[in-house]
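Peer 1:
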Amino acid sequence: MQVVETVDAYRKACDAIRAGHRIGFVPTMGALHAGHASLMRQASRAGLVPVVSIFVNPTQFGPNEDFDRYPRTLDRDLELCASEGVQLVFTPTVAEMYPAHSRTLVKVSGLTDFMCGASRPGHFDGVATVVSKFFNVTGPCSAFFGRKDYQQYRVICAMVTDLLMPVTVVGCPIWREPDGLAMSSRNRYLSPDERLRALGIIRGIADAERVFRAGERAPSVLLDRVKQSLVRSQLREDYVALRDPVELAALEGAERLPERALLAVAAYCGHTRLIDNLVLGEEMAPTLPGVV
Ligand code: AMP
Numbered sequence: 015m016q017v018v019e020t021v022d023a024y025r026k027a028c029d030a031i032r033a034g035h036r037i038g039f040v041p042t043m044g045a046l047h048a049g050h051a052s053l054m055r056q057a058s059r060a061g062l063v064p065v066v067s068i069f070v071n072p073t074q075f076g077p078n079e080d081f082d083r084y085p086r087t088l089d090r091d092l093e094l095c096a097s098e099g100v101q102l103v104f105t106p107t108v109a110e111m112y113p114a115h116s117r118t119l120v121k122v123s124g125l126t127d128f129m130c131g132a133s134r135p136g137h138f139d140g141v142a143t144v145v146s147k148f149f150n151v152t153g154p155c156s157a158f159f160g161r162k163d164y165q166q167y168r169v170i171c172a173m174v175t176d177l178l179m180p181v182t183v184v185g186c187p188i189w190r191e192p193d194g195l196a197m198s199s200r201n202r203y204l205s206p207d208e209r210l211r212a213l214g215i216i217r218g219i220a221d222a223e224r225v226f227r228a229g230e231r232a233p234s235v236l237l238d239r240v241k242q243s244l245v246r247s248q249l250r251e252d253y254v255a256l257r258d259p260v261e262l263a264a265l266e267g268a269e270r271l272p273e274r275a276l277l278a279v280a281a282y283c284g285h286t287r288l289i290d291n292l293v294l295g296e297e298m299a300p301t302l303p304g305v306v
């Protein structure tokens, strides 16, 4: 496995891989866990050469967010990449990704001013900008994104379409702990008590999913199921949203939900902000653990 730090070395290494193979690119912020590994495996299974970037991107963090204390575990991350058969890892510095006097921002409008975009102003501009830089140096590839960050996944799809980027975006299922908590690098912030209470998110989602499967289509009923679960677990709601899974158009005001609807949740557990979601009406439901 090759590990490179400069844009120049990374671009050359990607070109070399692409001479005979197709790249399966997995951008990450490190502190890797089984959710990240599942993206690498999906790339390999698709017959692609897995390539990973590890970069904690400062421009996607707000001034009062956790950029400084975001977990950085590079040695262990590289071990995980090696064990997943990754061939190339890009670990740039901030100066490498943001040349002095950087002044270009990629802004995807329409998809970024609600849900996580409303709570984290500027977040998706930072994400779209850094991901477009990664795509520019990686070159033509398939890029694997987790649907845990569902809004991010849709923003990247829109960016690739709008800017005619030679990238195929693949949205991958959410990888969960055995008790149902969506895996996240931020889960390590949770105290033992918070870790238990964090389950209120997936319990609420699973409850709403059961009701949806039984035929309920009133948005308010499903939203209430989730909100009640958050309250029961003493989680502070940031948002609970029902949206069209592709365009992210609001469905909260619909009289009756369509056959597929994104149910997305963000909530604070202590100081830690957690997100999770499910597309109601999709085949993923059986993989939801038996949470009650
Ligand atoms: P991050 O390192 O948090 O920026 O995440 C890097 C990529 O891994 C993003 O595409 C995330 O959506 C994805 N990811 C993070 N957690 C999970 C998970 N539990 N299941 C699937 N994908 C995930």
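Be aware that the sequence shown starts at 15, since it is given in the numbering used here, and climbs by one per residue.
In this text, a Cβ means the ideal position worked out from N, Cα and C, and glycines have one as well.
Would you call the segment 116-125 and the segment 160-180 touching, i.e. three or more CB-CB distances under 8 angstroms?
Peer 2: They touch, by the three-pair rule.
Peer 1: Only counting the same chain, and skipping five residues up and downstream in sequence, which positions put a Cβ closer than 7 angstroms to that of Gly185?
Peer 2: By 1-based counting over the sequence shown, the position of residue 185 is 171. Once the five neighbours on either side are set aside, the close Cβ partners of Gly185 are Phe159, Arg161, Tyr167.
Peer 1: Does DSSP put Asp127 in a helix, a strand or coil?
Peer 2: In the sequence shown, the residue the question calls residue 127 occupies position 113. Three-state DSSP puts Asp127 in coil, outside helix and strand.
Peer 1: Answer with buried or exposed for His50, where buried requires no fewer than 16 other C-beta atoms within 10 angstroms of its C-beta.
Peer 2: Stepping through the sequence shown from its first residue, residue 50 is reached at position 36. So His50 counts as buried.
Peer 1: For the alpha helix (DSSP H) that contains Ala48, what are its first and last residues?
Peer 2: Reading the sequence shown from its first residue, position 34 is the one you call residue 48. Per DSSP, Ala48 belongs to the alpha helix (DSSP H) from 48-59.
Peer 1: From Gly153 to Leu237, what distance separates their C-alpha atoms?
Peer 2: Against the sequence shown, residue 153 aligns to sequence position 139. Against the sequence shown, residue 237 aligns to sequence position 223. The alpha-carbon atoms of Gly153 and Leu237 are separated by roughly 41 angstroms.
Peer 1: Mind checking Thr143: buried by the 16 CB within 10 Å criterion, or exposed?
Peer 2: Numbered from its first residue, the sequence shown carries residue 143 at position 129. Label assigned to Thr143: buried.
Peer 1: Give me the DSSP bridge partner(s) of Asn291.
Peer 2: On the sequence shown, residue 291 is found 277 positions in, with the first residue counted as 1. Asn291 pairs with Ala278.
Peer 1: For Gly76, does the three-state DSSP call read helix, strand or coil?
Peer 2: On the sequence shown, position 62 is the one that residue 76 refers to. Of the three classes helix, strand and coil, the one that applies to Gly76 here is coil, per DSSP.
Peer 1: Which one of Gly295, Ser156, Ser67 has the shortest CA to CA distance from Gly229?
Peer 2: Here the question's residue 229 lines up with position 215 in the sequence shown. The residue with the shortest Cα to Cα distance from Gly229 is Gly295.
Peer 1: Considering only their Cβ atoms, is the gap separating Phe149 from Val169 smaller than 8 angstroms?
Peer 2: What you label residue 169 is simply residue 155 of the sequence shown in a count that begins at 1. What you label residue 149 is simply residue 135 of the sequence shown in a count that begins at 1. No.
Peer 1: For a quick check, are the C-beta atoms of Ser243 and Arg211 less than 8 angstroms apart?
Peer 2: In the sequence shown, counting from the first residue as 1, residue 243 sits at position 229. In the sequence shown, counting from the first residue as 1, residue 211 sits at position 197. The answer is no: Cβ separation not under 8 angstroms.
Peer 1: Please work out which residues of its chain come closer than 8 angstroms, Cβ to Cβ, to Gly267, disregarding the five sequence neighbours upstream and downstream, and give them in chain order.
Peer 2: Stepping through the sequence shown from its first residue, residue 267 is reached at position 253. Closer than 8 angstroms at Cβ, skipping near neighbours: Pro233.
Peer 1: How long is the line joining the alpha carbons of Ile215 and Ser198, rounded to whole angstroms?
Peer 2: Locating residue 215 in the sequence shown gives position 201, where the first residue counts as 1. Locating residue 198 in the sequence shown gives position 184, where the first residue counts as 1. The alpha-carbon atoms of Ile215 and Ser198 are separated by roughly 13 angstroms.
Peer 1: What three-state label does DSSP hand Tyr253 in the structure shown?
Peer 2: Translated into the one-based positions of the sequence shown, residue 253 becomes position 239. Strand, per DSSP.
Peer 1: Report yes if the CB atom of Gly38 is closer than 8 angstroms to the CB atom of Ser156, and no otherwise.
Peer 2: What you label residue 38 is simply residue 24 of the sequence shown in a count that begins at 1. What you label residue 156 is simply residue 142 of the sequence shown in a count that begins at 1. In this structure, Ser156 lies closer than 8 angstroms to Gly38 by Cβ.
Peer 1: Within the continuous beta strand (DSSP E) that includes Leu262, where are the two ends?
Peer 2: The residue you call residue 262 lines up with position 248 of the sequence shown. No beta strand (DSSP E) holds Leu262; DSSP gives it neither H nor E.
Peer 1: Helix or strand or just coil, what does DSSP make of Ala196?
Peer 2: Here residue 196 corresponds to residue number 182 of the sequence shown, with the count starting at 1. If DSSP states are grouped into helix, strand and coil, Ala196 belongs with the strands.
Peer 1: Between Asn201 and chain C, is any beta-carbon pair separated by less than 8 angstroms?
Peer 2: Within the model displayed, chain C is absent; a lone protein chain is all it includes.
Peer 1: Just to confirm my understanding: we take Ser205, look at its own chain, exclude 5 residues before and 5 after, and list those with CB closer than 8 angstroms. What are they?
Peer 2: Counting from one through the sequence shown, the residue named residue 205 turns up at place 191. Gly284, listed in sequence order.
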